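Protein chains in written order, with this note's numbering: chain Y, 1 to 494; chain F, 495 to 589. Just so you know, even glycine gets a beta-carbon here, dropped at the ideal spot from N, CA and C. Remember, it's a predicted structure, so these values are computed and weren't measured experimentally. Worksheet: one structure, shown below.
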Amino acid sequence: MTDLTKMKIAEARDALRAGDVTSVELTEACLSAIESADALGAFAHKTPEIARERAAAADARIKAGDAPDLCGIPLGIKDLFCTKGVPSQAASAILEGFKPEYESTVSQKLQDAGTVMLGKLNMDEFAMGSSNETSTYGNAVNPWRRGNDDAALTPGGSSGGSASAVAADLCLGATGTDTGGSIRQPAAFVGITGIKPTYGRCSRWGIVAFASSLDQAGPMTKDVRDAAIMLEAMCGHDPKDSTSADLPVPNFEAMLTGDVKGKTIGIPREYRMDGMPDEIEALWAEGRKMLEDAGAVMKDISLPHTKYALPAYYVIAPAEASSNLARYDGVRYGHRAKLAQGDGITEMYEKTRAEGFGAEVQRRVMVGTYVLSAGFYDAYYNRARKVRTLIKKDFEDVFAQGVDAILTPATPSAAFELGKEMTDPVEMYLNDVFTVTVNLAGLPGIAIPAGLDKSGLPLGLQLIGRPWEEGDLLNTACALEQAAGFVAKPTKWW
Amino acid sequence: MSIDTETAARVAKLARIRVEDDALPALAQEFSNILGFIEQLNEVDVEGVEPMVSVTPMRLKRRQDGVTDGNMQEKILSNAPDAREGFFAVPKVVE
């Protein structure tokens with residue numbers, strides 16, 4: 001039974017249709033894998049009853065014929081997605097006890113496609129973090145370890161639970177969200193595939209908002225084909241999110257030919273960072289060679305404002321967060337502080353938010369408040385938005401020169417030890433140095449595993465695509481995946 | 495730019511987050527570090543550059559200004575820490 005959980009979505013889809021396996025069997029296998037994996041801290045809320053019910057319904061639907069591709073596939077859902085009647089607290093104490101009366105559009109689409117929700121996945125609080133250490137649930141842990149060293153490593157963040165669960169074969173795929181790299185960095189840290197689509201591809205409705213102009217949902221899966229299948233089901237216009245694009249969603253899987261002959265791949269010189277480990281540099285060079293061997297043309301490009309992406313992000317994202325998180329006031333949902341005699345409404349707000357928000361969330365809300373405050377708005381917030389315009393223009397310029405996709409490392413290092421990098425917030429922010437530009441420019445980006453470092457940890461490469469051309473991007477990623485031939489799995493210790 | 499404890503206290507107040515006095519110096523130091531990092535943006539020539547409003551240039555969809563749902567008072571109140579007689583309840587606001 002345990003091998004069932006190792007299946008990829010495409011394999012399971014075909015096996016379900018051939019009658020070789022049932023969704024109930026797949027689901028039970030995942031549920032028992034989850035039961036024995038508490039040490040990973042991946043699942044924050046388990047929903048076995050919902051899973052069993054949906055699995056049985058999926059089996060009936062498959063039997064009746066004409067079921068969607070994802071019908072019967074067991075998935076994990078990041079805690080940031082509101083799921084009806086199921087705790088959805090963005091890994092924050094301030095949403096303790098919150099059970100939405102509604103379902104997010106993306107999780108609804110996945111439900112309509114017949115998928116089976118196994119539970120809610122751990123993450124950084126309000127998706128603010130790069131190591132899953134800001135969660136009220138405690139850390140999610142990376143299933144990978146450095147050789148025989150039993151030090152616990154981070155699965156990355158903010159979608160750390162999603163990454164850990166997929167890499168450890170607790171589910172066949174998971175949803176993630178990505179505001180500055182929160183799908184791609186954890187995917188790279190655990191050796192799986194994660195794609196953030198173009199801003200506007202997925203509806204944000206019902207996903208707890210962090211920074212609305214940057215947030216996008218996307219799939220985290222065991223390979224590129226699975227990402228294509230799952231992304232297609234998650235995309236599409238939604239009248240409830242006015243920024244969701246009213247564009248046709250292509251059959252992404254059908255675009256996976258693996259043929260990249262004649263494609264132009266940009267290699268941005270600004271992504272060569274001082275102090276970048278040799279292994280990352282070498283992996284990047286190998287990636288270039290692989291795509292070249294597959295018939296693509298490498299082109300040196302310049303994205304001159306790259307250096308300013310992180311500082312711009314750390315103005316814009318906290319500014320939007322401070323506005324979005326103003327709603328947590330102890331009135332309508334979640335936690336309310338116990339009040340002392342004589343406390344009024346201001347004390348209620350202040351105590352509730354001090355108790356309910358963790359340190360990193362408080363820090364970002366206050367930085368956002370500061371950069372938006374009278375006298376600083378122009379100096380910080382407007383300047384950051386102007387720099388954002390320039391960052392986007394950098395990409396537009398290289399795409400106008402005929403570049404089809406851009407190849408970069410996914411992260412500046414392999415997964416690091418839990419508890420080691422929490423001391424300096426700015427140091428932690430550097431994790432997103434290669435991914436954050438993509439959010440600022442609204443582009444699609446994908447991380448795929450491409451090799452192992454000397455201690456046996458996975459390393460990822462990132463491909464950045466043209467807006468709305470996820471199909472082409474996935475196809476380039478497919479070619480790179482075939483050439484890299486990454487098949488390593490973590491050794492089970494949990 | 496260096497942030498003093500008075501500014502840190504003012505920002506905490508604006509953000510409606512209670513910060514105890516003894517935590518203010520450390521908070522001010524963190525703000526100073528983060529703002530120091532952000533200040534790199536001053537190196538960029540932004541003369542004549544439009545601040546970004548929307549990352550994907552598209553006209554927002556419009557719809558008829560009509561009521562599309564409602565009558566869900568119970569659902570809306572179901573997660574409230576304190577709801578009474580069909581309302582959210584809060585400490586006394588007006589003396």
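Asked, Found
"DSSP state of proline 197 of chain Y mapped onto helix, strand, coil", "coil"
"Interface flag, methionine 348 of chain Y vs chain F, CB-CB below 7 Å", "yes"
"Short CB-CB distance (under 7 Å) between glutamine 558 of chain F and chain Y", "no"
"Contacting positions in the stretch 419-446 of chain Y - beta carbon closer than 8 Å to chain F", "Asp424, Pro425, Val426, Tyr429, Leu440, Ala441, Gly442"
"Serine 32 of chain Y versus proline 48 of chain Y - alpha carbon distance", "10 Å"
"Chain Y contacts made by the stretch 503-530 of chain F, where a contact means CB separation under 9 Å", "Arg504, Val505, Ala506, Lys507, Leu508, Ala509, Arg510, Ile511, Arg512, Val513, Glu514, Leu521, Glu524, Phe525, Asn527, Ile528, Leu529, Gly530"
"Length at least 4, wholly inside the stretch 168-196 of chain Y: the alpha helix (DSSP H) runs in chain order", "184-190"
"Burial state of tyrosine 377 of chain Y (16 or more Cβ within 10 Å)", "exposed"
"Beta-carbon proximity list for asparagine 475 of chain Y, same chain, < 8 Å, skipping 5 on both sides", "Met255, Leu256, Thr257, Gly258, Asp259, Val260"
"Under 8 Å from the C-beta of glutamine 534 of chain F: neighbouring residues of chain Y", "Lys307, Tyr308, Pro311"
"Pairwise C-alpha distance: leucine 407 of chain Y and arginine 269 of chain Y", "11 Å"
"Ranges of the alpha helix (DSSP H) found wholly within the stretch 56-112 of chain Y, counting only runs of at least 4", "105-112"
"Endpoints, beta strand (DSSP E) assigned at phenylalanine 43 of chain Y", "43-46"
"Reduced DSSP secondary structure (H/G/I, E/B, other) of phenylalanine 531 of chain F", "helix"
"contact_flag[the stretch 32-42 of chain Y, the stretch 11-23 of chain Y] where n(CB pairs < 8 Å) is 3 or more", "no"
"Coil, strand or helix - phenylalanine 582 of chain F by DSSP", "strand"
"Within chain Y, partners of threonine 550 of chain F - CB distance below 9 Å", "Thr198, Tyr199, Gly200, Thr243, Ala245, Gly442, Pro467, Trp468"
"Beta-bridge pairing of methionine 298 of chain Y - partner residues as DSSP gives them", "Y:Ile265"
"Residue-level contact to chain F via CB, arginine 54 of chain Y, 7 Å cutoff", "no"
"Contacts that aspartate 576 of chain F makes with chain Y (C-beta to C-beta distance below 8 Å)", "Arg336"
"Chain Y residues whose Cβ lies nearer than 8 Å to that of glutamate 544 of chain F", "Lys386, Thr389"
"Between the CA atoms of threonine 389 of chain Y and aspartate 472 of chain Y - distance to the nearest angstrom", "25 Å"
"Partners in chain B for asparagine 382 of chain Y, counting only beta-carbon separations shorter than 9 Å", "Considering every chain present, this structure includes no chain B. Its protein chains are Y and F."
"Distance CB(methionine 123 of chain Y)-CB(aspartate 79 of chain Y) smaller than 7 Å", "yes"
"Extent of the continuous beta strand (DSSP E) to which isoleucine 448 of chain Y belongs", "445-452"
"Spatially closest choice to glutamine 185 of chain Y from Y:Ser212, Y:Gly445, Y:Gln482, Y:Ile77, by CA coordinates", "Y:Gly445"
"Same chain only: Cβ atoms within 7 Å of glutamate 101 of chain Y, ignoring 5 sequence neighbours per side", "Lys84"
"Exposure label - glutamine 89 of chain Y; buried when at least 16 CB within 10 Å", "buried"
"Residues from the stretch 87-99 of chain Y in contact with chain F, defined by Cβ distance under 8 Å", "Gly97, Phe98, Lys99"
"Under 7 Å between C-beta atoms of isoleucine 229 of chain Y and aspartate 69 of chain Y", "yes"
"Chain-ordered neighbours of serine 572 of chain F on chain Y, where CB pairs are closer than 7 Å", "Glu101"
"Residue-level contact to chain Y via CB, valine 451 of chain F, 7 Å cutoff", "For chain F, the structure presents residues 495 to 589; residue 451 of chain F sits outside this window and is missing."
"Straight-line gap, arginine 512 of chain F to glycine 266 of chain Y (C-alpha atoms, nearest Å)", "48 Å"
"Burial state of arginine 327 of chain Y (16 or more Cβ within 10 Å)", "exposed"
"Other residues of its chain near valine 297 of chain Y: CB distance less than 8 Å, five sequence neighbours each side excluded", "Gly262, Lys263, Thr264, Ile265"
"DSSP bridge partner residues for leucine 459 of chain Y (one or two, in chain order)", "Y:Gly451"
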